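Numbered by this note's numbering, the letters in the sequence shown go through residues 40 to 219 in order. Note that CB positions come from ideal geometry on N, CA and C, so glycine has one too. This structure is a prediction, so every number in the text was calculated from the model and none was measured. Taking it in order: structure first as structure tokens, then the write-up.
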Amino acid sequence: MGNLIKRWWRGDDAATAVEFALIAFPFIYLLVGIVELSIMFAAMSTLDSATNDAARLIRTGQVQQTNGDPQQMFEELLCSKVSGFLPCANIKYEVITMSGFSDFASYPATFDENGDLDSAGFNPGSVDDVVLIRTAYRYPLLTPLLGAAFADGPNNTKLMITTVVLETEPYDVRKVVNEL
């Protein structure tokens with residue numbers, strides 16, 4: 040009986056399976072976390088790029104001079120740039136005309152009770168106006184440990200904000216000539 044116990048105690052049959060079972064869950068969890076973090080950074084980059092592309096329409100006066108709805112034109116371009124990756128319905132934005140670049144601090148982002156951007160409206164300005172364009176999206180984190188490290192809002196979400204401050208170009212020749 041003593042030899043049987045010694046043999047069983049020293050046996051290494053299935054030792055690899057036991058070792059794998061011990062490290063498999065943390066390893067897979069780490070891989071899922073890395074993938075989710077990568078997707079989150081890609082979402083941030085997508086929001087930045089879409090905001091810059093939509094801001095270009097304001098900078099060049101295309102939004103202001105459209106025959107249609109300027110806000111709809113802005114929103115359509117913003118949504119087309121994030122489509123398939125971020126749900127456009129969850130992206131909040133505001134476009135504010137300021138009196139100058141030094142006024143930036145006078146327009147902090149404000150949030151409602153749900154933690155969403157409380158938009159100050161849509162005012163793309165006119166020729167040579169300084170305009171602040173801010174977009175925000177609450178990215179839902181799926182991995183609990185990433186949520187504990189990165190979540191800053193309700194329901195395990197991470198707030199992503201992109202802000203662009205620009206001066207519109209002199210796109211309206213008549214107005215520029217009249218000012219001279």
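Cβ pair count under 8 Å reaching 3, the region 132–143 against the region 51–68: no
Whole-angstrom distance between Pro147 and Leu156, CA atom to CA atom: 11 Å
Other residues of its chain near Gly192: CB distance less than 6 Å, five sequence neighbours each side excluded: Gly154, Arg177, Leu198
Residues of its chain near Ala93, where Cβ-Cβ distance is below 6 Å and the 5 sequence neighbours each way are ignored: Phe113, Leu116, Leu117
Beta-carbon proximity of Val166 to Pro209, cut-off 7 Å: yes
Own chain, CB closer than 6 Å to Ile200, minus 5 neighbours either side, in chain order: Ala175
With 16 other Cβ atoms within 10 Å as the buried cut-off, status of Ala187: exposed
Presumed contact (8 Å Cβ cut-off) between Thr90 and Ile172, rounded CB distance: 6 Å
Host alpha helix (DSSP H) of Pro183 (start-end): 183–189
Collapsed DSSP secondary structure at Thr90 in the structure displayed: helix
Straight-line gap, Gly72 to Ala81 (C-alpha atoms, nearest Å): 14 Å
In chain order, each alpha helix (DSSP H) run of at least 4 residues that lies wholly inside the region 99–167: 109–121
Which residues DSSP lists as bridging Ile200, in chain order: Ala175
Simplified DSSP state of Glu75, which is helix, strand or coil: helix
Integer-rounded CB distance, given that Phe124 should sit under 8 Å from Thr99: So it is not a contact: roughly 25 Å between Cβ atoms.
8 Å contact criterion, which Pro183 and Asn194 should meet: CB distance rounded: Rounded, the Cβ-Cβ distance is 12 Å, inconsistent with contact.
For Asp168 and Thr207, believed in contact at Cβ under 8 Å, the rounded distance: 5 Å
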